[in-house]
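Chemist: Please see the structure below; I have some questions.
Numbering (my numbering), first residue to last: 2 to 147.
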């Protein structure tokens, strides 16, 4: 009887440790063929205060204007826009820094950066859910001057 109690305690303890190591509920797991539970969506608005004063100055007053001046072309997409930049290392570094800041203040964007081979063009794609393209047309009009 003692062996059964010890085995049961070990089993229950193992399950408890497993749930501590993987802290998601059983109800969050999805069976094939079932619908996905809706995820939280951030508001479709830029939160400039998500950046510190220094970060805001760098992001909006330095990085943005520098990248806009380097922009080679703009391509309209069904759900956003894609911007072409030269493939040099300095532009790549500026773009990477800008993307890091943009993810903080505008988390609703889906952001993709693509680098063509052999130091070819850099591409920044800003897309997202319904309303993102319209947001870009209004709030990002300086980026869209084609």
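Every residue, glycine too, gets a C-beta built ideally from N, C-alpha and C.
Remember, it's a predicted structure, so these values are computed and weren't measured experimentally.
(1) Using the rule of at least 16 other Cβ atoms within 10 Å of the residue's Cβ for burial, across every protein chain shown, is residue 41 buried or exposed?
(2) According to DSSP, simplified to helix, strand and coil, what is residue 83?
(3) On a Cα-Cα basis, can you pick out the residue from 71, 103, 125 and 67 that is closest to residue 50?
(4) Just to confirm my understanding: we take residue 98, look at its own chain, exclude 5 residues before and 5 after, and list those with CB closer than 7 Å. What are they?
(5) Alpha carbon to alpha carbon, how far is residue 125 from residue 54?
(6) Beta-carbon of residue 80 versus every beta-carbon of chain D: anything under 9 Å?
(7) In the DSSP assignment, find the beta strand (DSSP E) that holds residue 90 and state where it starts and stops.
(8) Along the chain, which unbroken stretches of the alpha helix (DSSP H) at least 4 residues long are found entirely within the stretch 41-86?
(9) Let me confirm a value: residue 78 is counted as buried when at least 16 other C-beta atoms fall within 10 Å, else exposed. Which label applies?
(10) What does the Cβ neighbour count give for residue 129, buried or exposed, with the cut at 16 atoms within 10 Å?
(11) Cβ of residue 116 within 9 Å of Cβ of residue 123?
(12) Helix, strand or coil: which one does DSSP assign to residue 138?
(13) At what residues does the beta strand (DSSP E) containing residue 146 begin and finish?
(14) Exposed or buried, residue 143, counting other C-beta atoms within 10 Å across all chains shown (16 or more means buried)?
Modeler: Looking at the atomic coordinates:
(1) Residue 41 sits at position 40 when you count from the first residue of the chain shown. Under this definition residue 41 is an exposed residue.
(2) Mapped onto the chain shown, residue 83 falls at position 82. Strand at residue 83.
(3) As a position in the chain shown, residue 50 is number 49, starting the count at 1. For the residues 71, 103, 125 and 67, the minimum Cα distance to residue 50 belongs to 103.
(4) What you label residue 98 is simply residue 97 of the chain shown in a count that begins at 1. Around residue 98: 64.
(5) What you label residue 125 is simply residue 124 of the chain shown in a count that begins at 1. What you label residue 54 is simply residue 53 of the chain shown in a count that begins at 1. Taking the straight line joining both Cα atoms gives about 25 Å.
(6) Within the model displayed, chain D is absent; a lone protein chain is all it includes.
(7) Numbered from 1 along the chain shown, position 89 holds the residue referred to as residue 90. Not the beta strand (DSSP E): residue 90 falls in the alpha helix (DSSP H), residues 90-106.
(8) 54-57 and 65-71
(9) On the chain shown, residue 78 is found 77 positions in, with the first residue counted as 1. With fewer than 16 Cβ atoms within 10 Å of its Cβ, residue 78 is classed as exposed.
(10) Position 128 of the chain shown, counting from 1, holds the residue named residue 129. Buried: at least 16 other Cβ atoms inside 10 Å.
(11) Within the chain shown, the letter at position 115 stands for residue 116. Within the chain shown, the letter at position 122 stands for residue 123. Yes, the Cβ-Cβ distance between residue 116 and residue 123 is below 9 Å.
(12) For this step, residue 138 is matched to residue 137 along the chain shown. Here residue 138 sits in helix by DSSP.
(13) Start at 1 with the first residue of the chain shown, and residue 146 comes out as number 145. Looking at the DSSP string, residue 146 is not in any beta strand (DSSP E), and its letter there is neither H nor E.
(14) Within the chain shown, residue 143 is the residue found at index 142, counting from 1. Looking at its Cβ environment, which holds fewer than 16 other Cβ atoms inside 10 Å, residue 143 is exposed.
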